[in-house]
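Student:
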Amino acid sequence: MKNPKRSTYAKLARAMAKCIFNPNNKMRNWLKTNRWHFLGWLIFIIYENLVVALTLTSRLPLSAYLFHYAINIGLFYLHWLMLRKFLSGPRRCALLIVPLVLVELICYILLSKLGSHLAPTPAKSISLTGLVSNWRFTFATIWRGVYFMLFSTAYYFLTRYNLQKDRTAELEREAALKIIHQKQTLIELAEARNANLKSQINPHFLFNTLTYIYNSTHKTEPRSAEAVRYLTKLMRYALECEHGPELMPLEDEIRQVEHLLQLSRIKQSRLFVDFTYDRQVEETAIIPLIVLSLTENMVKHGNLSLEENPGKIILSLEGNVLKIETVNLLNTGLNDTGFHTGLANIEKRLSHTYGEQAEINYGSDGDYFRVLIRISLL
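Residue numbers (our numbering): 640 to 1017.
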């Protein structure tokens, strides 16, 4: 017949094992995180008991060992928590440490005396019952309490040092990544400029050729001549932007947007775009070719053939924020090569120049495609 008591113990042991070794259990994770603490205390307890075993012949009962080590370990972590709370706070909080240490010692002495009553040793030679009121017992208890508090203080400063070292390393890593990012940005800009310079045709030769074509066709092919004239202005502006200042007034670019729309209407007669802007926007200086690139992207990929649903380009100034907005009907999907390439390039240029002071949002909204750029001019 099975022993019911033994069966109960077996079930309890299986339940505890299942609880501890379950990979998703919080207790198992906590034990794994603090395994070095358990190992350290185990080594310390074994060391102390070996010393006691070599120097004394009598032994304390197991309950006395468990009680006193529970007090010692509790004092260690309580003192550590107290230091972590009050040393990391305002200066006036640090002044409370001395009275709190005295309170810790008093509680430690009282609990130690309570432990000597609850678990007295049977051996008369090392009985603590007669030493409860003895000053030597009190002094020894105070010394042991200070002993564990010193260890706790050392542990606090060690963990604090490691934490500060990790924070310093993280800050250094972030600073290094920032420097690398800045260098990479400069390299990308330099490569972009070099690639653009390499791809340029000699400007004088180009403009002389365009002037010749215009002069040869303005009487016989006036529409073609007008196209050449608008194209010449656009290309001249693009070259001026390449070699000009980083920021340029929007007034010049607004003129070029109108030239681009005129050029596009020569190629496609049914092209409807409403271009509106505040007069004060003309004097606003930003990086060039943003509005022109948005217009080109809209003309190339949008459906602008319906007079009742024209494309819209809106430039406005709200306080210190410049808003650039375009809205157009979505195309049927034809000629969608590089649809987002131009927008991605604009986003990169805005990020390089303005950082978080500029944002661009774009995407489909029903039958329409919308682009909205906000630039803080502060």
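We put the beta carbon where it would ideally sit given N, CA and C, even for glycine.
Residues bridged to E957 by DSSP?
Tutor: By one-based count along the sequence shown, residue 957 stands at place 318. DSSP links E957 through a beta bridge to V960.
Student: What residue range does the alpha helix (DSSP H) around T992 cover?
Tutor: In the sequence shown, residue 992 corresponds to position 353, counting from 1. Its alpha helix (DSSP H) spans residues T980 to Y993.
Student: Among the residues of its own chain, which have a CB less than 6 Å from the CB of K951, if the five just before and after it don't count?
Tutor: Translated into positions along the sequence shown, residue 951 becomes position 312. Closer than 6 Å at Cβ, skipping near neighbours: D913 and V966.
Student: Pull up the DSSP beta-bridge partners for K951, would you.
Tutor: Looking up residue 951 in the sequence shown gives position 312. The partner list for K951 (beta bridge, DSSP) reads D913 and V966.
Student: Between the stretch 891 to 908 and the stretch 861 to 878, can you find at least three pairs of beta-carbon atoms closer than 8 Å?
Tutor: Because the criterion of three Cβ pairs below 8 Å is met, the stretch 861 to 878 and the stretch 891 to 908 touch.
Student: Count the other CB atoms, across all protein chains shown, that sit within 10 Å of the CB of R988; report buried if there are 16 or more and exposed otherwise.
Tutor: Against the sequence shown, residue 988 aligns to sequence position 349. Answer is buried; the Cβ neighbour count reaches 16.
Student: Please specify which runs of the alpha helix (DSSP H), each continuous and at least 4 residues long, are wholly inside the stretch 844 to 930, giving them in chain order.
Tutor: 861 to 882 and 889 to 906
Student: For A866, count neighbouring Cβ atoms within 10 angstroms of its own Cβ and tell me buried if that reaches 16, exposed if not.
Tutor: Position 227 of the sequence shown, counted from the first residue, corresponds to residue 866. So A866 ends up on the buried side.
Student: Assuming L899 and T923 make a contact with CB atoms under 8 Å, what is their CB distance in whole Å?
Tutor: For the purposes of this step, residue 899 is identified with residue 260 of the sequence shown, where counting begins at 1. For the purposes of this step, residue 923 is identified with residue 284 of the sequence shown, where counting begins at 1. Contact check for L899 and T923: beta-carbon distance about 20 Å, past the 8 Å limit, so the pair fails to qualify.
Student: With H, G and I counted as helix, E and B as strand and the rest as coil, what does DSSP make of G941?
Tutor: By 1-based counting over the sequence shown, the position of residue 941 is 302. Strand.
Student: In this structure, what does DSSP give as the bridge partners for R1013?
Tutor: Indexing the sequence shown from 1 puts residue 1013 at position 374. In the DSSP output, where bridge partners are listed per residue, R1013 has K962 and E998.
Student: Quick one, are the C-beta atoms of N970 and N942 less than 7 Å apart?
Tutor: Here residue 970 refers to the residue found at position 331 of the sequence shown. Here residue 942 refers to the residue found at position 303 of the sequence shown. Cβ distance < 7 Å, so N970 and N942 count as in contact.
Student: Under a Cβ-count criterion, where at least 16 other Cβ atoms within 10 Å of its own Cβ denotes burial, should S908 be classed as buried or exposed?
Tutor: Locating residue 908 in the sequence shown gives position 269, counting from the first residue. S908 is exposed by the Cβ-count criterion.
Student: Going by beta carbon distance, what residues of the same chain come within less than 8 Å of R918, once the five residues before and after it are set aside?
Tutor: Numbered from 1 along the sequence shown, position 279 holds the residue referred to as residue 918. Nothing listed; no residue qualifies.
Student: Find the nearest neighbour of S1008 within the set F776, L968 and Y993, judged by alpha-carbon distance.
Tutor: The sequence position of residue 1008 within the sequence shown is 369, counting from 1. Rather than Ser, the amino acid found at residue 1008 in this sequence is Phe. Checked all of F776, L968 and Y993; the closest Cα to F1008 is L968.
Student: Out of R783, Y853, S855 and I926, which has the shortest C-alpha to C-alpha gap to H882?
Tutor: Residue numbering aside, residue 882 sits at position 243 when the sequence shown is read from its first letter. Residue I926 is the option with its Cα nearest to H882.
Student: Relative to the C-alpha of L982, which residue among N1000, H676 and Y916 is closest?
Tutor: Sequence index remark: in the sequence shown, residue 982 carries index 343 (1-based). Minimum Cα-Cα distance from L982 among the listed residues N1000, H676 and Y916 corresponds to N1000.
Student: Looking only at C-alpha atoms, which of G679, H857, F677 and T934 sits nearest to V1010?
Tutor: One-based indexing of the sequence shown puts residue 1010 at position 371. If we check each option's Cα against that of V1010, T934 comes out closest.
Student: What separation, rounded to the nearest whole angstrom, lies between the Cα atoms of R868 and E998?
Tutor: For the purposes of this step, residue 868 is identified with residue 229 of the sequence shown, where counting begins at 1. For the purposes of this step, residue 998 is identified with residue 359 of the sequence shown, where counting begins at 1. Here the C-alpha atom of R868 lies approximately 34 Å from the C-alpha atom of E998.
Student: Under 8 Å, with one C-beta from each stretch per pair, do the stretch 773 to 793 and the stretch 733 to 748 reach the 3-pair mark?
Tutor: yes
Student: Look at the Cβ atom of T871, then the Cβ atom of L902, and state whether they are nearer than 7 Å.
Tutor: In the sequence shown, the residue the question calls residue 871 occupies position 232. In the sequence shown, the residue the question calls residue 902 occupies position 263. It is not a contact, given that the beta carbons lie outside the stated cut-off.
Student: Could you compute how far the alpha carbon of R799 sits from the alpha carbon of L717?
Tutor: Counting from one through the sequence shown, the residue named residue 799 turns up at place 160. Counting from one through the sequence shown, the residue named residue 717 turns up at place 78. C-alpha separation (whole angstroms): 16 Å.
Student: For G994, count neighbouring Cβ atoms within 10 angstroms of its own Cβ and tell me buried if that reaches 16, exposed if not.
Tutor: Counting from 1 along the sequence shown, the entry for residue 994 is found at position 355. Its Cβ having fewer than 16 others within 10 Å, G994 is exposed.
Student: In or out: V920 buried (at least 16 other Cβ within 10 Å) or exposed?
Tutor: As a position in the sequence shown, residue 920 is number 281, starting the count at 1. With 16 or more other Cβ atoms within 10 Å, it is buried.
Student: Shortest alpha-carbon distance to C880 belongs to which of L928, I712, R806 and L714?
Tutor: Walking along the sequence shown from the start, residue 880 turns up at place 241. Residue L928 is the option with its Cα nearest to C880.
Student: Can you grab the Cα-Cα spacing for the pair G679 / T824, in whole Å?
Tutor: For the purposes of this step, residue 679 is taken as the residue at position 40 of the sequence shown. For the purposes of this step, residue 824 is taken as the residue at position 185 of the sequence shown. Spanning the two alpha carbons is a distance of roughly 50 Å.
Student: Which class does D1006 belong to by DSSP, given the choice of helix, strand or coil?
Tutor: As a working note, residue 1006 is residue 367 in the sequence shown. In the structure shown, D1006 sits in coil (DSSP, three-state: anything other than H, G, I, E or B).
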